[in-house]
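Going by the working numbering, the sequence shown opens with residue 6, and the numbers climb by one from there. These notes concern the structure reproduced below.
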Amino acid sequence: MRVAILGAGFAGLSVAYFLIHYKKGAVSIDLYDPEPIGGGVSGLSSGLLHTYPGREARSSWRAEYCLKDTHRLITVASQGVDQSVIISKGILRPALTELQQTAFKACSEKHSDTEWWDQKRCVDEVPGLYLPEQSGGLYIKDGLTIDVQTYLQGLWQSLAKFGVQHHQSAMIKKSDLERYDQVLVAMGPTSKNIPSLENLPLTPIKGQILELEWPEGAVPPKMSLISNKHLVMSRDQKRCIVGATFERDFDSTQADQEKAASEILPNITSFFPALEKAKILDCRAGFRAGTQSHLPLVGQASEKLYFFTGLGSKGLLYHAWVGKRMARAMISKSIAHLPSDIRYTLSF
Ligand SMILES: Cc1cc2nc3c(=O)[nH]c(=O)nc-3n(C[C@H](O)[C@H](O)[C@H](O)COP(=O)(O)OP(=O)(O)OC[C@H]3O[C@@H](n4cnc5c(N)ncnc54)[C@H](O)[C@@H]3O)c2cc1C
């Protein structure tokens, strides 16, 4: 079975891994991407992995299955680079508003993998955190922060051992695609550039992050913090990433530091004041593939053309489990393997 995968982000690499896993020795995979591994949006993401996103920390779609398969790929990636790809364990969500307090407390009462920490506990665990006295935070015990560049490199190394080829070039010509038995489009929001996929209900959502120099004397938090915006330490603890913007209307695809700073920093410094004067080292922008349901989008566009996109803000959480289902669908040539609530039907 000859497979071409267009896009070497979380989605494309995950499907490649599961195809190899199920069809070892009986599948050859060519991975096409104009960027090097880690050069796309997946490599720019902040690496947050947890199942209680959003303002109300509601448990995400198929949380348990998704988390389990992402953990599996984290192990594969760590073996691929012979080092852990995990930066930190546990995630704290400081509650800055009454709505967050109510929602986060309710979450902790419902889900045993979370705890409500009062203000004192939060500040003891994360020196430098500012919270009003009556407030607190939601501690997500199995939340992880992943070093996404190392993760992508690790997955890639594991795939390369099985003969997967990476071609650093954009979409191949229609005539080239004929050489393959199956083709997967996993190009994030640009999946719509493929002629038969132009009607996919995808919205590009611009996201920007700032890289800040860690201020001298401030204690680096031992876990990532997410209120409305997030704060993630670098491995060397000399820098941190704060993000992200969520822009549906944008004039430019380029990073806009002024805009990013005005949207991100007020929220971050309201719970971590030591960052008020931190030097901005860089500003980066990328595009999420948004869907109306906030769920991934998978399906088949012709006998041999499949698509996997719409990972939105939760690429790390969704890519492995959905990628596994996509690999099964491609092998069996049956979209029945794709979860019906994220399957998008295109007539062909
Ligand atoms: C600022 C920001 C922060 C984020 N933080 C997090 C986070 O903390 N946790 C989390 O889970 N998610 C996060 N996300 C979301 C996450 O990055 C995405 O969900 C995920 O990267 C999507 O993966 P993908 O493989 O579908 O797409 P992409 O990573 O966009 O990969 C698509 C690939 O297709 C390639 N491509 C484009 N055109 C072609 C072509 N013609 N032929 C071949 N290849 C092509 C691109 O170069 C790209 O590498 C964040 C997103 C942003 C923007």
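Every residue gets a Cβ at the ideal spot worked out from N, C-alpha and C, and that includes glycine. A quick note: this is a predicted structure, and the numbers were derived from the prediction, not measured.
Review point. If we ignore side chains and look at the alpha-carbon of each, how far apart do P344 and P220 end up?
Key: 46 Å
Practice item. Taking V368 as part of the alpha helix (DSSP H), name the residues at either end of that continuous run. Key: Nothing in the structure corresponds to residue 368, since the chain is present only between 6 and 353.
Check your understanding: When every heavy atom of ligand 1 is checked, does at least one fall within less than 8 Å of the C-beta of I214?
Key -> Under cutoff, so the answer is yes.
Check your understanding: Do F313 and ligand 1 come close, with the Cβ less than 8 Å from some heavy atom?
Key -> yes
Point to revise | Where E61 sits in the DSSP three-state scheme | key: coil
Exercise for review: Using the Cα positions of S19 and L157, report the straight-line distance between them to the nearest angstrom.
Suggested key: 10 Å
Practice item. Using 8 Å as the cut-off, classify the Cβ of R60 as near or not near the heavy atoms of ligand 1, replying yes or no. Key: no
Check your understanding: So is L322 buried or exposed if we call it buried at 16+ other beta carbons inside 10 Å?
Key -> Buried.
Exercise for review: Taking only heavy atoms of ligand 1 into account, decide whether any of them is closer than 8 Å to the Cβ of L322.
Suggested key: At least one heavy atom of ligand 1 falls within 8 Å of the beta-carbon of L322.
Point to revise | From A9, S307, Q162, W66, residue whose alpha carbon lies closest to that of L346 | key: Looking at the sequence itself, residue 346 is Asp, so the reference to Leu does not match. Among A9, S307, Q162, W66, the Cα nearest to that of D346 is on W66.
Point to revise | Integer-rounded CB distance, given that A191 should sit under 8 Å from F313 | key: Right, the Cβ-Cβ distance comes to about 5 Å (below 8 Å), so this counts as a contact.
Practice item. Out of H299, A31, R244, F292, point me to the one whose CA is closest to G48's CA. Key: F292
Check your understanding: Roughly how many whole angstroms lie between the Cα atoms of H235 and R184?
Key -> 44 Å
Practice item. Would you decide whether R98 is buried or exposed? Buried here means 16 or more other CB atoms lie within 10 Å of its CB. Key: buried
**Study point:** Cα-Cα separation, P209 to R253
**Key:** Distance between the alpha carbons of P209 and R253: 7 Å.
Exercise for review: Please report the residue range of the alpha helix (DSSP H) in which K211 lies.
Suggested key: Per DSSP, K211 belongs to no alpha helix (DSSP H); it is in the beta strand (DSSP E), 208-218.
Point to revise | Cβ-based burial, S268 [other Cβ within 10 Å; buried from 16] | key: Sequence inspection shows Glu at residue 268; the Ser mentioned does not correspond to that position. Classification for E268: buried.
Review point. Distance, Cα to Cα, M331 vs C71?
Key: Our two residues, M331 and C71, have alpha carbons roughly 13 Å apart in a direct line.
Exercise for review: Counting only the same chain and skipping the five closest in sequence on each side, list residues whose C-beta sits under 7 Å from that of I273.
Suggested key: K234, L236, V247, L280
Exercise for review: Tell me whether P194 is buried or exposed, calling it buried when 16 or more other Cβ atoms sit within 10 Å of its Cβ.
Suggested key: Buried, by the Cβ-count rule.
Check your understanding: Within 8 Å: the Cβ of K234 and any heavy atom of ligand 1?
Key -> no
Check your understanding: Does the distance from the C-beta atom of I145 to that of Y57 stay below 9 Å?
Key -> yes
Check your understanding: From what residue to what residue does the alpha helix (DSSP H) around Y323 run?
Key -> Counting along the chain, the alpha helix (DSSP H) containing Y323 begins and ends at 320-337.
Exercise for review: Please report the residue range of the alpha helix (DSSP H) in which R348 lies.
Suggested key: Where R348 is concerned, there is no enclosing alpha helix (DSSP H), given that its DSSP letter is neither H nor E.
Exercise for review: Decide if V224 is buried, meaning its Cβ has at least 16 other Cβ atoms within 10 Å, or exposed.
Suggested key: exposed
Check your understanding: Whose C-alpha, out of N204, K264, E120, L53, is nearest the C-alpha of Y349?
Key -> N204
Check your understanding: Should F15 be listed as close to ligand 1, given that the test is whether its C-beta is under 8 Å from any heavy atom?
Key -> True, at least one ligand heavy atom lies under 8 Å from that Cβ.
**Study point:** Rounded separation between G133 and C288 - CA only
**Key:** Put simply, the backbone Cα of G133 is about 24 Å away from that of C288.
Check your understanding: G59: buried (16+ other C-beta within 10 angstroms of its C-beta) or exposed?
Key -> With fewer than 16 Cβ atoms within 10 Å of its Cβ, G59 is classed as exposed.
Check your understanding: So is the beta-carbon of L181 under 8 Å away from any non-hydrogen atom of ligand 1?
Key -> The question names Leu, but residue 181 is Asp in the sequence shown. Because no heavy atom of ligand 1 lies under 8 Å away, the Cβ of D181 does not count as near it: no.
Review point. Is the number of C-beta pairs between the segment 80-100 and the segment 109-127 that are closer than 8 Å three or more?
Key: Using a Cβ-Cβ distance cut-off of 8 Å, the segment 80-100 and the segment 109-127 are in contact, since at least three pairs of beta carbons, one from each stretch, lie closer than that value.
Review point. So is D261 buried or exposed if we call it buried at 16+ other beta carbons inside 10 Å?
Key: buried
Review point. Just checking my contact of P151 with G52 at CB under 8 Å: how many whole Å lie between their CB atoms?
Key: A small fix is needed here, since residue 151 is Ile in this sequence, not Pro. Yes, they are in contact, since the Cβ atoms of I151 and G52 sit about 4 Å apart, within 8 Å.
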